[in-house]
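Colleague: By numbering that gives the first Met the number 0, the letter at position 37 of the sequence shown is numbered 36, and the numbering carries on one by one without gaps. Glycine is no exception: its CB is placed at the ideal position from the N, C-alpha and C atoms.
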Amino acid sequence: MNWPARPSSAAGEGDSVIAGEPCGKVESTKSVSDLYAPVTGEITAINPAVIDQPKVINGDPYGKGWIFKVKLKGEAADLLDPSSYGKPIEESP
0 MNWPARPSSA
10 AGEGDSVIAG
20 EPCGKVESTK
30 SVSDLYAPVT
40 GEITAINPAV
50 IDQPKVINGD
60 PYGKGWIFKV
70 KLKGEAADLL
80 DPSSYGKPIE
90 ESP
């Protein structure tokens, strides 16, 4: 994983993120994808397990595969829970 706030390692606690803005990159063997912040706030924790073993994200996304925690600033609008998130994915072409 690559985080622009601290290119040599993961972003640290206290870094700010803005909803909908890139806050890092997720790299695979074939591509690099931007990681977008779901909410605006301050990073309070980074999961070292996904830095060392990124496959944990796919293997246990709602458990051990969390990437970072954010202390929310303001309101979080239009977030979906896991069951609601699956519906638009199933309906997309």
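Quick one: is glycine 19 buried, meaning 16 or more other Cβ sit within 10 Å of its Cβ, or exposed?
Modeller: Exposed, since its Cβ has fewer than 16 Cβ neighbours within 10 Å.
Colleague: Could you pull out every residue in the same chain whose Cβ sits closer than 8 Å to the Cβ of leucine 78, ignoring the five residues on either side in sequence?
Modeller: Answer for leucine 78: Pro37, Val38, listed in chain order.
Colleague: Check whether the Cβ atoms of serine 55 and lysine 68 lie closer than 8 Å to each other.
Modeller: Here residue 55 is valine; the residue named in the question, serine, does not match the sequence. It is not a contact, given that the beta carbons lie outside the stated cut-off.
Colleague: At 4 residues or longer, what runs of the alpha helix (DSSP H) sit wholly inside the segment 41-66?
Modeller: The qualifying runs are 47-51, 54-58.
Colleague: Output needed for serine 7: all residues of its chain with C-beta closer than 8 Å, excluding positions within five of it in sequence on either side, in chain order.
Modeller: A caution first: serine 7 carries a pLDDT of 34, below 50, which makes its placement in the model too unreliable to give a value.
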